[in-house]
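S.K.: Sharing a structure, written as structure tokens. Questions coming.
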Amino acid sequence: MKRQIKAIRAARRHDIAGLYTRLSLSGTAADMLDPFLVLAHHGPHDFPPDSAEPPFDPHPHRGFETVTLILDGELWHRDSEGNESLIHAGGVQWLTAGAGVVHSERAPERFWKEGGRFHMLQLWVNLPARLKMTPPNYQGVEAGALATVPLQDGSGTVTLISGEFAGAIGPVASLTGLFMSTVSLKAGGHASLTPGQRCVLFYVVNGEVTVGGAKAVAGDLVTFEDGDVIDVEALEEALIVFGHGDPIGEPVVTGGPFVMNTEAEIAAANSDYRAGKFGGLRSAGLPV
2 MKRQIKAIRA
12 ARRHDIAGLY
22 TRLSLSGTAA
32 DMLDPFLVLA
42 HHGPHDFPPD
52 SAEPPFDPHP
62 HRGFETVTLI
72 LDGELWHRDS
82 EGNESLIHAG
92 GVQWLTAGAG
102 VVHSERAPER
112 FWKEGGRFHM
122 LQLWVNLPAR
132 LKMTPPNYQG
142 VEAGALATVP
152 LQDGSGTVTL
162 ISGEFAGAIG
172 PVASLTGLFM
182 STVSLKAGGH
192 ASLTPGQRCV
202 LFYVVNGEVT
212 VGGAKAVAGD
222 LVTFEDGDVI
232 DVEALEEALI
242 VFGHGDPIGE
252 PVVTGGPFVM
262 NTEAEIAAAN
272 SDYRAGKFGG
282 LRSAGLPV
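Right under this line is the structure:
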């Protein structure tokens, strides 16, 4: 059965220190699409040479995962588990915060000296209670290591981050069986997407499409009624973030950078962080 549109949400402007940013999911329990908590779209923003860097200082997380899609530019990841990697345009950084981690995500120093386009999406994905205290883990994947599947009739491609599509498997191992991809469509291109009965994340990064009989444009988050199949057609060249996962169905309590099931667990996370139990970042500088 084809899915019909429930609602189309236009992203809300929420700039960060001058960085053009839009929010589609804000992290509150009332706003989330279980298991998807936050969807922040940073850019596209063209920085001139010698720009001031937005204040993306090292910060802690516990109880969920961050999935960062690097659309333009580069992003340098460091964390308190000792992971470091510079991921370029088209790549993905997938951080399982689990029991607690401190991390930093920043563009290289040369970017701020030379200027350039900064364009990223970050998604927060909830973890069930049984996994909230799992050991932290980081997976950084460059564009060339992602699985790309051509659509019929030359309509475009599906690029797999995690999960399976048309016999291909994405390189990221998801603890919860999350499917995550991007769908690139040429003007007039079409795709039939099959999430089954799972909760769907469908966000238009750029372009204009028709889906479920309605039009959606860049910055729109589309939610759906029940069904098995989503048909989408591009009215112009378009890029879509398409994911789906099983709802967790547990209480969600947020406290800044922590997502747990109870207020007591949020208090414990704050206490553990202040006590240094998340570790810290060594003093290595950014790559140049």
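Per the working numbering: the sequence shown = residues 2 to 289. Heads up, the beta-carbon is just placed ideally off N, CA and C, and yes, glycines get one too. Since the structure is predicted, the reported quantities are computational estimates derived from the model, not experimental observations.
1) So, with DSSP's three-state summary, where would you put D47?
2) Let me know the beta strand (DSSP E) ranges lying completely inside the stretch 121–169, each 3 residues or longer, listed in chain order.
3) By the DSSP assignment, the beta strand (DSSP E) with E85 in it spans what residues?
4) So who's on the other strand from D73, going by DSSP bridges?
5) For I88 and Q94, what's the separation of their Cα atoms in angstroms?
6) For I241, list the residues DSSP reports as bridge partners.
7) Would you mind sorting A215 into buried or exposed? The rule is 16 or more other CB atoms within 10 Å of its CB.
8) Using a 10 Å radius around the Cβ and a threshold of 16 neighbouring Cβ atoms, would you call M261 buried or exposed?
9) Under 7 Å: does the beta carbon of L194 sit that close to some heavy atom of the ligand GDP?
10) Pairing CB atoms from the stretch 164–182 with CB atoms from the stretch 220–230, are three or more of them under 8 Å?
11) Name the DSSP beta bridge partners of P61, please?
12) For the candidate residues A148, D247, T183, G155, whose alpha-carbon lies nearest to that of G171?
13) Pick helix, strand or coil for F279, following the three-state DSSP scheme.
14) Return the CA-CA distance between L132 and V254, expressed in angstroms with no decimal places.
15) Within 10 Å of its beta-carbon, does G74 have 16 or more other beta-carbons around it, so buried, or fewer, so exposed?
16) When DSSP builds the beta bridges, which residues end up paired with Q94?
17) Just the Cα atoms here: how many angstroms apart are G190 and A235?
18) Would you say the stretch 98–116 touches the stretch 74–83, given that touching needs at least three Cβ pairs under 8 Å?
19) Nearest CA to the CA of A90: which residue from D80, M121, T22?
20) Using a Cβ-Cβ cut-off of 6 Å (strictly less than) and excluding sequence neighbours within five positions of Q140, which residues of its own chain qualify?
21) What is the rounded straight-line gap between the Cα of L70 and the Cα of M2?
22) Can you give me the C-alpha to C-alpha distance between S86 and I9, rounded to a whole angstrom?
23) Could you tell me which of V126, N138, D58 sits nearest to N84, measuring between CA atoms?
24) What number of angstroms, rounded off, separates the C-alpha of L72 from the C-alpha of A98?
25) Hey, R4 and F259: beta-carbon distance below 8 Å or not?
26) Less than 7 Å between C-beta atoms, sequence neighbours within five positions excluded: which residues of the same chain meet that for R13?
27) Rounded to a whole number of angstroms, what is the C-alpha to C-alpha distance between G116 and A53?
28) Tell whether a beta-carbon distance below 8 Å holds between G221 and A11.
29) As a quick exercise: from G281, R199, V206, pick the residue whose alpha carbon is nearest that of P45.
30) Return yes when the Cβ of F279 is within less than 8 Å of the Cβ of S105, no when it is not.
M.R.: Quick answer:
1) The residue labelled residue 47 in the question sits at position 46 within the sequence shown. D47: strand per DSSP, three-state reduction.
2) 138–142, 148–151, 157–163
3) Along the sequence shown, one-based indexing puts residue 85 at 84. Where E85 is concerned, the enclosing beta strand (DSSP E) stretches over 85–89.
4) If you number the sequence shown from 1, residue 73 lands on position 72. Bridge partners of D73: H120.
5) On the sequence shown, residue 88 is found 87 positions in, with the first residue counted as 1. On the sequence shown, residue 94 is found 93 positions in, with the first residue counted as 1. Going from the Cα of I88 to the Cα of Q94 covers about 7 Å.
6) Along the sequence shown, read from residue 1 onward, the residue named residue 241 stands at position 240. Its beta-bridge partners are V184, V205.
7) For the purposes of this step, residue 215 is taken as the residue at position 214 of the sequence shown. A215 should be labelled exposed.
8) Here residue 261 refers to the residue found at position 260 when the sequence shown is read from its first residue. M261 is buried by the Cβ-count criterion.
9) Of ligands this structure carries none, so the ligand GDP is not represented either.
10) no
11) Residue 61 sits at position 60 when you count from the first residue of the sequence shown. In the DSSP output, where bridge partners are listed per residue, P61 has V103.
12) Walking along the sequence shown from the start, residue 171 turns up at place 170. Selected option, being the one with the closest Cα: A148.
13) Walking along the sequence shown from the start, residue 279 turns up at place 278. F279 falls in the coil class under three-state DSSP.
14) Counted from its first residue, the sequence shown places residue 132 at position 131. Counted from its first residue, the sequence shown places residue 254 at position 253. Distance between the alpha carbons of L132 and V254 is about 15 Å.
15) Mapped onto the sequence shown, residue 74 falls at position 73. With 16 or more other Cβ atoms within 10 Å, it is buried.
16) Your numbering for residue 94 matches position 93 in the sequence shown. Paired residues: T69, G141.
17) Along the sequence shown, read from residue 1 onward, the residue named residue 190 stands at position 189. Along the sequence shown, read from residue 1 onward, the residue named residue 235 stands at position 234. Those two C-alpha atoms are separated by around 5 Å.
18) yes
19) Residue mapping note: residue 90 aligns to position 89 of the sequence shown, counting from 1. Comparing Cα-Cα distances from A90 to each of D80, M121, T22, the minimum goes to M121.
20) Taking the first residue of the sequence shown as 1, we reach residue 140 at position 139. For Q140, where only same-chain residues beyond five positions count, the Cβ hits under 6 Å are W95, V173.
21) Residue mapping note: residue 70 aligns to position 69 of the sequence shown, counting from 1. Residue mapping note: residue 2 aligns to position 1 of the sequence shown, counting from 1. For L70 and M2, the distance between alpha carbons rounds to 31 Å.
22) Against the sequence shown, residue 86 aligns to sequence position 85. Against the sequence shown, residue 9 aligns to sequence position 8. Taking the straight line from one Cα to the other gives about 36 Å.
23) The residue you call residue 84 lines up with position 83 of the sequence shown. Of the listed residues, the one whose Cα sits closest to N84 is N138.
24) Taking the first residue of the sequence shown as 1, we reach residue 72 at position 71. Taking the first residue of the sequence shown as 1, we reach residue 98 at position 97. Each residue's Cα considered, the two are about 23 Å apart.
25) On the sequence shown, position 3 is the one that residue 4 refers to. On the sequence shown, position 258 is the one that residue 259 refers to. Their beta carbons are not under 8 Å apart, which means R4 does not touch F259 by this criterion.
26) As a working note, residue 13 is residue 12 in the sequence shown. Counting only Cβ-Cβ distances below 7 Å, and skipping sequence neighbours, we find R23, L24.
27) For the purposes of this step, residue 116 is taken as residue 115 along the sequence shown, with counting starting at 1. For the purposes of this step, residue 53 is taken as residue 52 along the sequence shown, with counting starting at 1. Near 10 Å, if we compare the C-alpha coordinates of A53 and G116.
28) Here residue 221 refers to the residue found at position 220 when the sequence shown is read from its first residue. Here residue 11 refers to the residue found at position 10 when the sequence shown is read from its first residue. Residue identity differs from the one stated: residue 221 is Asp in this sequence, not Gly. Cβ distance < 8 Å, so D221 and A11 count as in contact.
29) Position 44 of the sequence shown, counted from the start, is the residue given in the question as residue 45. Of the listed residues, the one whose Cα sits closest to P45 is V206.
30) Position 104 of the sequence shown, counted from the first residue, corresponds to residue 105. Position 278 of the sequence shown, counted from the first residue, corresponds to residue 279. Against a cut-off of 8 Å, the Cβ pair of F279 and S105 comes out as no contact.
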